[in-house]
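Each remark here refers to the structure printed beneath this line.
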Amino acid sequence: MRVLVTGGAGYIGSVAVERLLTRGAEVVVLDNLWRGHRAAVPADVELHNCDLRDGESIARAVAEAAPEAILHFAAATLVPESMERPGDYFAINVVGSHHLIEAARRAGVDRFVLSSTAAVYGMPEELPITESSQTLPINPYGRSKLMVEQMLEWHAAAHGLRYACLRYFNVAGATDEHGEDHEPETHVIPVALQVLLGRRERFSVFGTDYPTADGTAIRDYVHVVDLVDAHLLALERLAVAPGPLGAFNLGTKEGFSVRQIVEGVERATGHHLPVAYGPRRAGDPAALIADSTRAREELGWRPTRSTLDEMIGSAWAWYQRHPNGYEA
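Take a look at the structure:
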């Protein structure tokens, strides 16, 4: 199979490229290197350096790549940033995805897997979240991803596009070759590890009085390899599916609290983590966890690496090998 991976120079996308190559797939990467890294793309993998907002460049890249399927990871993904710069998020995520979907249609590509987000649900009233939960995003990031899902739905109806949308909260962990190297870094586990690397003074915990077992907020986490494997399973399923697959949640159904993250970091690294405790942040719910029953039953997804020790341990090992990220 020949697969186009957008965002293939980024965190999740680079792991997707790695996993596809180990399975013998031909891979082409499309990435503008805005927050991705050229060094994350294998030297022998074709890279199209172009921006999703440039419709002509996207059409040309997809036509030249001539893929059988597309894995779409490229996006702007920071919730606070989306609140400050909503226009960028709609331009990149919505208009950019429109360009990609149109280019795929013109090139005859009928299999499309979207890396979406559980942020499409907003502040759910019931947990764990299922795919039938109401979608009421509360920020431009979540709204933009929901709009892309809706575009895919209409393209499926009009043009027979077969697609899947994978919704998840937090991703963590690394492979031997690929890990998180973001600027700015906002993800909880790498932020904690950066404290131990001397890049931050302390790890901040916001809220210790939530109605949870230890008083700190609970969030869902999935190992990046388990996450990517779900995308590849969706890709395989689309090859034989008569139509679109729709949305799948990816998660552990249990989640981990912030205190558990702190304990896990200290356990995995053998170092004490300096912590600063503060009040809750406005708008942060006590818990956000997703029910991945549908992915397990229909895709055969079996996450095997999404334990706290494995996610933190693999991330820490990657940072030991790459103390400056992808910088030489």
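In terms of my numbering, the sequence shown is residues 160 to 487. Glycine is no exception: its CB is placed at the ideal position from the N, C-alpha and C atoms. Keep in mind it's a predicted model, so treat the numbers as computed, not measured.
The closest CA to that of residue 173, considering only 203, 199, 420 and 185, is found on 199. Taking a C-beta distance under 8 Å as the contact criterion, residue 251 and residue 234 qualify as a contact pair. Residue 180: member of the alpha helix (DSSP H) spanning 170-181, first to last residue. Taking all protein chains shown into account, residue 258 has 16 or more neighbouring C-beta atoms within 10 Å of its C-beta and is therefore buried. Counting along the chain, the unbroken beta strand (DSSP E) around residue 436 starts and ends at 434-437. Residue 290 sits close to residue 407, with the two beta carbons spaced by under 8 Å.
Between residue 171 and the set 382, 228 and 471, the nearest pair of CA atoms involves 382. Listed as beta-bridge partners of residue 161 by DSSP are 185. With a threshold of 16 other beta carbon atoms within 10 Å, residue 191 meets it and is buried. Contact between the region 300-318 and the region 427-445 is absent: fewer than three C-beta pairs spanning the two stretches fall below 8 Å. Residue burial is scored here from C-beta neighbours: residue 475 has at least 16 other C-beta atoms within 10 angstroms and is therefore classed as buried.
The residue among 366, 240 and 390 with its C-alpha nearest the C-alpha of residue 437 is 366.
In the displayed model, residue 451 falls within coil according to three-state DSSP, outside both helix and strand.
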